[in-house]
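Below you'll find the structure, written out as structure tokens, and then a few comments.
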Amino acid sequence: MRIILLGPPGVGKGTQAQRLARERGLAAISTGDMLRDHRRRGTRLGREAQRYMDSGALVPDDLILGMVEERFREPDVAAGFVLDGFPRNVEQAKAFDTLVGLRGWMLDRAILLEAPQAAIVERISGRRTCRACDRPYHVKFDPPPAAGRCACGGEIHQREDDREAAVAERARVYERETSPLISYYERVKLLARAPATGTPDAVYAALATLLGGAACAR
Ligand code: AMP
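Using this note's numbering, the final residue of the sequence shown is 220, and nothing's skipped along the way.
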């Protein structure tokens with residue numbers, strides 16, 4: 003199965019991608035997580051990406067595409083994948099079409115997660131993330147352990163780009179750059195829409211119904 007999760011920042015793509023990957027044996031490919039990993043390791047790509055990420059802007063396509071092409075050379079991707087945060091604009095979608103086409107693969111579905119703006123703002127403003135492993139928490143819906151440390155031992159913090167000014171910029175970038183992908187995938191009849199309101203379990207159940215096969219217990 004090869005799936006793209008689409009939707010505005012904070013709609014819950016990362017949480018659902020992780021669960022889909024776990025339950026269906028797919029590679030979860032999150033370009034945001036990959037970039038944050040580069041930053042932690044202090045690579046050249048991480049240093050170049052930093053200023054774009056912190057302001058809520060998109061990292062230039064050539065950097066992203068190089069990183070994704072490299073990831074696609076790893077063997078786990080052949081078993082299927084779920085993409086979260088990529089493609090982020092029409093140029094990236096075209097490059098992705100070429101990348102999968104060269105391997106003789108087909109995309110199964112681009113799933114648009116939809117939720118009201120108020121719910122998205124509440125999710126982003128309450129989100130806290132582990133600095134070490136990127137696991138997301140939420141102050142209200144999935145509170146981090148009291149000691150402020152993740153299950154992996156990493157420090158829990160609020161991402162720079164989850165702060166108010168960057169969130170507003172990310173929403174603008176989504177409208178301008180990413181939302182045209184909705185009609186891009188609609189035109190090729192690959193777009194599906196899933197309600198992303200309610201608990202992560204409820205959203206996952208909707209996704210499982212859409213993709214076929216029951217939602218198994220975690
Ligand atoms: P995310 O974790 O998906 O919200 O991504 C965090 C930040 O990483 C974004 O605001 C961008 O600055 C950058 N980023 C992640 N994925 C991409 C992408 N496919 N293209 C450009 N920038 C990206």
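The C-beta atom is built at its ideal place from N, Cα and C for all residues, glycine as well.
Only a predicted model underlies this, so the values are computations on that prediction, with no experimental measurement involved.
Distance, Cα to Cα, Thr100 vs Ala120?
-> 37 Å
Within the region 18-55, ranges of the alpha helix (DSSP H) (whole runs, at least 4 residues) | 33-43
Beta carbon of Leu109: closer than 7 Å to some heavy atom of the ligand AMP?
-> No, the beta carbon of Leu109 sits no closer than 7 Å to any heavy atom of the ligand AMP.
Hey, Ile66 and Phe98: beta-carbon distance below 8 Å or not?
-> no
Does the region 109-127 come close enough to the region 45-63 to have 3 or more Cβ pairs within less than 8 Å?
-> no
Per DSSP, cross-strand counterpart(s) of Glu157 | Arg151
Roughly how far, in whole angstroms, is the beta-carbon of Val92 from the beta-carbon of Leu183, given that I think they are within contact range, below 8 Å?
-> 7 Å
Rounded straight-line distance, which links the Cα of Glu188 to that of Gly16 = One C-alpha to the other measures close to 22 Å.
In chain order, what residues of the same chain have a beta carbon less than 7 Å from the beta carbon of Ala95, not counting five sequence neighbours either side?
-> Pro89, Leu183 and Tyr186
Delimiting residues of the alpha helix (DSSP H) encompassing Arg64 = Reading off the sequence shown, one finds Asp at residue 64, where the question assumed Arg. Where Asp64 is concerned, the enclosing alpha helix (DSSP H) stretches over Asp63 to Phe74.
Is DSSP giving Phe88 helix, strand or coil here?
-> coil
Enumerate in chain order the residues of its own chain whose CB-to-CB distance from Gly14 is below 8 Å, with the five nearest sequence positions on each side excluded.
-> Leu115, Ala117, Arg125, Ala198, Pro202 and Val205
So what's Gly9 in DSSP terms, helix, strand or just coil?
-> coil
Can you check whether the CB of Tyr139 is closer than 8 Å to the CB of Pro10?
-> no
Distance, Cα to Cα, Cys218 vs Gly155?
-> For Cys218, the predicted structure reports a pLDDT of 44, less than 50, and the residue's modelled location is therefore unreliable. The matter cannot be settled from this model.
Just the C-alpha distance for Arg220 and Asp163, rounded to the nearest angstrom, thanks.
-> Low confidence applies to Arg220: its pLDDT is 36, below 50, so where it sits in the model is not reliable, and the reading given next is rough at best. Their Cα atoms are separated by approximately 30 Å.
With DSSP as the reference, label Pro197 as helix, strand or coil.
-> strand
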